[in-house]
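First the structure, in the form of structure tokens, and then the observations on it.
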Amino acid sequence: MSDSLQTEASLDLGRLRQAIQEEYTAVARDPGRGYHFHTGRPLARMLGYHDDWLEGLPEGSIASFAGTGNPFRIGQLQLGEQVVDIGSGAGIDSLIAAKMVSPDGQVIGVDMTPAMLEMARKSASEAGAGHVEFREGLAESLPVPDGWADVVISNGVLNLLPDKLAALQEMARVLKPTGRLQIGDILVQQAVPADAKQQIDLWTG
Amino acid sequence: MAAGFVDFEITWQADVFDGAPQASSAAEFGTQGINFRARKAADEQEWHAALASLACEVPTTL
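Chains A and B, in that order, are what the protein sequence lines are. First residue of the first sequence? That's 355 in the working numbering, and the numbers climb one at a time after it. First residue of the second sequence? That's 18 in the working numbering, and the numbers climb one at a time after it.
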């Protein structure tokens with residue numbers, strides 16, 4: 355095991371997950387507070403979300419949007435496809451995916467933050483999106499059967515996971531052969547020192 | 018070994034944090050928003066072919 359992997363393995367995973375949940379509970383409940391990232395409709399426009407994708411979606415989910423990319427800019431989803439949204443947050447990407455695969459497709463959104471799940475479920479109900487289901491779970495152990503998905507999407511989540519290999523293995527497990535990954539996330543252009551990776555604040559902010 | 022991903026590509030990259038209400042503590046590392054795509058290999062044969070086609074040296078220190 356490399357030094358960098360050992361360092362990440364020694365992170366207090368419980369503390370990190372708690373800090374992430376606190377951050378995103380705040381985004382769900384007070385999206386306009388002002389964070390180190392943009393939020394809401396202005397962010398969606400910046401990332402190239404089309405207005406017609408957002409049409410009809412509940413404002414609560416749009417306001418609490420906090421992605422870092424645009425999974426749909428890579429390619430629109432097809433009618434009837436089955437989609438897993440990892441770290442579905444307030445539900446905006448799951449609801450857009452549901453519009454694209456409707457009426458015969460299905461979407462499963464997975465998130466670990468109860469406040470986000472509550473908002474996403476409320477929004478799905480308001481939008482009348484019966485073919486979207488939000489499940490509580492972790493990216494490293496997805497509550498989705500093997501080979502279920504045609505597409506896995508995610509937006510701003512992989513960077514928050516110390517064990518990225520486990521998350522990628524789960525993505526591979528739930529995808530059908532030739533299934534697609536369409537991911538928005540973050541990269542760092544300079545190496546992060548091992549001691550910096552121990553700082554919970556650096557992971558969340 | 019289970020089949021992994023092939024056809025990885027970063028399709029878009031931009032500074033998505035510029036102008037955010039608070040400064041990011043990670044900004045000093047050059048954080049950028051990206052989109053990327055990949056595809057799960059069709060079968061073990063495609064996956065092993067993709068592995069075999071890799072021609073890179075792994076650095077001894079990271």
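Just so it is clear, CB atoms sit at the ideal spot from N, CA and C, and this is done for glycine as well.
Could you have a look at N424/A and say whether DSSP puts it in helix, strand or coil?
Three-state result, N424/A: coil.
Using a Cβ-Cβ distance cut-off of 9 Å, determine whether E74/B contacts chain A.
Judged by the 9 Å Cβ criterion, E74/B is not in contact with chain A.
Need the endpoints of the alpha helix (DSSP H) that E480/A sits in, please.
Note, E480/A: alpha helix (DSSP H), 468 to 481.
Any idea if T467/A is buried or exposed, counting beta-carbon neighbours within 10 angstroms, 16 or more meaning buried?
Per the 10 Å Cβ criterion, buried.
Only counting runs of 3 or more residues, tell me where the beta strand (DSSP E) segments fall wholly within the stretch 526 to 551 of chain A, in order along the chain.
As far as the stretch 526 to 551 of chain A is concerned, its whole beta strand (DSSP E) runs of at least 3 residues are 529 to 542.
How about F419/A and A451/A: are their beta carbons less than 9 Å apart?
Taking 9 Å as the Cβ cut-off, F419/A and A451/A do not qualify as a contacting pair.
Please identify the residue among I446/A, L411/A, H404/A whose C-alpha is closest to the C-alpha of G421/A.
With distances taken between Cα atoms, G421/A lies closest to I446/A.
If you reduce the DSSP assignment to three classes, tell me which class T361/A lands in.
Low per-residue confidence applies at T361/A: pLDDT is 49, beneath 50, and the placement is therefore not dependable enough to give any value.
Just the Cα atoms here: how many angstroms apart are F53/B and T532/A?
Distance between the alpha carbons of F53/B and T532/A is about 16 Å.
Is there a Cβ from chain A that is less than 9 Å from the Cβ of S41/B?
Yes, S41/B lies at the interface with chain A (some Cβ there is under 9 Å from its Cβ).
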